[in-house]
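Please read the structure below before turning to the comments.
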Amino acid sequence: MKNFENKKVVISGGGSGIGKAIIHELYQKGTRDFAVIGRDLDKLKPLQNEFPEARFLLFQGDVSKPDAIHGFVNAISNAWDEVDVLINNAGVVSAGKLESISDEDIVSQININVTGLVLLTKHVLPLLKKSQEAAIINVSSGLGLIGMPFYAPYAATKGGVRLFSEAIRRELKDFPIQVLTVYPTATATPMMASAKMGSMDTPELVAQKTMEGLQTNKIDVILGGDQRLEDVKNNLNHPEEFDKKAATMYNALLERTSNHRSM
Ligand SMILES: NC(=O)c1ccc[n+]([C@@H]2O[C@H](COP(=O)([O-])OP(=O)(O)OC[C@H]3O[C@@H](n4cnc5c(N)ncnc54)[C@H](OP(=O)(O)O)[C@@H]3O)[C@@H](O)[C@H]2O)c1
1 MKNFENKKVV ISGGGSGIGK AIIHELYQKG TRDFAVIGRD LDKLKPLQNE
51 FPEARFLLFQ GDVSKPDAIH GFVNAISNAW DEVDVLINNA GVVSAGKLES
101 ISDEDIVSQI NINVTGLVLL TKHVLPLLKK SQEAAIINVS SGLGLIGMPF
151 YAPYAATKGG VRLFSEAIRR ELKDFPIQVL TVYPTATATP MMASAKMGSM
201 DTPELVAQKT MEGLQTNKID VILGGDQRLE DVKNNLNHPE EFDKKAATMY
251 NALLERTSNH RSM
């Protein structure tokens with residue numbers, strides 16, 4: 001994608017963290033039209049003050065609920081003829097030993113992180129297909145590339161996002177729609193407030209790398225530096241070796257994740 005002015009952007013969960021940082025990047029590059037869905041309208045309302053020249057269509061809704069998706073997309077269709085960029089960013093996490101994660105948290109993680117993303121893509125797609133230069137950005141996670149202990153349901157959702165992206169990219173080959181998947185590592189956002197983590201990426205860095213990926217027509221943006229790329233390769237080629245590495249981190253990860261919940 002080369003031009004960001006006059007683009008119409010749909011984003012889930014744009015009221016905080018990585019989503020808001022991506023709005024900031026796009027705004028800096030001249031984008032003015034944003035349709036944003038989130039469950040808490042109080043998180044969305046400040047966007048108008050922070051980005052005064054933007055035109056926001058703010059929609060209170062839960063992406064895991066088909067009725068909310070239909071209402072959101074109806075509101076978008078009433079306001080716009082087409083959509084240029086869809087950013088599937090909304091996500092939640094509930095970590096810990098599998099037996100200690102509630103059934104409700106498991107169902108919600110899957111419904112929000114995967115079902116919501118697939119449904120929003122499905123219903124926005126007819127509007128994206130009208131654009132001359134479009135993109136779908138799916139926010140996965142490093143845990144969608146390498147499964148780590150105590151994030152089993154979350155990893156399942158983010159691995160699902162990875163393969164959904166790959167499949168839909170191939171399905172859309174005849175349309176000018178770039179499909180970009182972003183794999184952040186630990187990033188200092190509200191989602192990580194309950195995780196015991198030391199140094200983290202900033203949401204601004206994730207947003208900048210996402211924009212670079214968009215501008216250079218990338219398929220994947222993987223955060224975490226060369227070490228993460230090396231780990232991804234090793235995990236793919238020598239999973240038993242990577243099991244040993246994960247085992248060395250077992251106790252530290254258990255400690256770090258036992259209260260990690262952002263639902
Ligand atoms: N932070 C990290 O370390 C990290 C690492 C890898 C991947 N990620 C991914 O990055 C994405 C953004 O997360 P973040 O770190 O920026 O955390 P965040 O600040 O908690 O942002 C998540 C956003 O999603 C929205 N959301 C959650 N459930 C929703 C639902 N059912 N319907 C609509 N909106 C919903 C939230 O708003 P409401 O609560 O108002 O609905 C919130 O604005 C997520 O997909 C996350 O999995 C984050």
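All letters in the sequence shown, in the order written, are residues 1 to 263 by this note's numbering.
Backbone N, C-alpha and C define an ideal beta-carbon position, used for all residues, glycine too.
Just so you know, these numbers come straight off a predicted model, no measurement behind them.
Check: residue i C-beta below 8 Å from any heavy atom of ligand 1
| i | result |
| --- | --- |
| residue 183 | yes |
| residue 213 | no |
| residue 17 | yes |
| residue 148 | no |
| residue 225 | no |
| residue 113 | yes |
| residue 92 | yes |
| residue 40 | yes |
| residue 231 | no |
| residue 105 | no |
| residue 196 | no |
| residue 13 | yes |
| residue 124 | no |
| residue 81 | no |
| residue 160 | no |
| residue 37 | yes |
| residue 63 | yes |
| residue 134 | no |
| residue 186 | yes |
| residue 244 | no |
| residue 191 | yes |
Pair within 9 Å by beta-carbon distance, residue i and residue j
| i | j | result |
| --- | --- | --- |
| residue 183 | residue 141 | yes |
| residue 71 | residue 56 | no |
| residue 168 | residue 85 | no |
| residue 150 | residue 253 | yes |
| residue 93 | residue 154 | yes |
| residue 127 | residue 81 | yes |
| residue 133 | residue 29 | no |
| residue 9 | residue 69 | no |
| residue 193 | residue 201 | no |
| residue 77 | residue 108 | no |
Rounded straight-line distance, which links the Cα of residue j to that of residue i
| i | j | result |
| --- | --- | --- |
| residue 217 | residue 118 | 22 Å |
| residue 197 | residue 113 | 22 Å |
| residue 38 | residue 122 | 18 Å |
| residue 240 | residue 36 | 42 Å |
| residue 204 | residue 22 | 8 Å |
| residue 33 | residue 161 | 26 Å |
| residue 191 | residue 89 | 12 Å |
| residue 31 | residue 248 | 46 Å |
| residue 95 | residue 180 | 26 Å |
| residue 246 | residue 261 | 21 Å |
| residue 166 | residue 222 | 15 Å |
| residue 244 | residue 110 | 28 Å |
| residue 171 | residue 125 | 12 Å |
N- and C-terminal bounds of the alpha helix (DSSP H) containing residue i
| i | result |
| --- | --- |
| residue 62 | First-last for residue 62: undefined, no H or E at that position. |
| residue 243 | 239 to 248 |
| residue 40 | Run containing residue 40: none; DSSP gives neither H nor E here. |
| residue 124 | 116 to 128 |
| residue 166 | 152 to 171 |
| residue 45 | Per DSSP, residue 45 belongs to no alpha helix (DSSP H) and is neither H nor E. |
| residue 268 | An answer regarding residue 268 cannot be provided, because it is not within the stretch 1 to 263 covered by the chain. |
| residue 104 | 103 to 110 |
Extent of the continuous beta strand (DSSP E) to which residue i belongs
| i | result |
| --- | --- |
| residue 220 | 220 to 222 |
| residue 22 | Careful: residue 22 lies outside any beta strand (DSSP E), inside the alpha helix (DSSP H) at 17 to 28. |
Those residues which DSSP pairs with residue i across a bridge
| i | result |
| --- | --- |
| residue 178 | 135 |
| residue 85 | 9, 135 |
| residue 262 | 93 |
heavy atom of ligand 2 below 8 Å from residue i C-beta
| i | result |
| --- | --- |
| residue 131 | The model on display carries ligand 1 but not ligand 2. |
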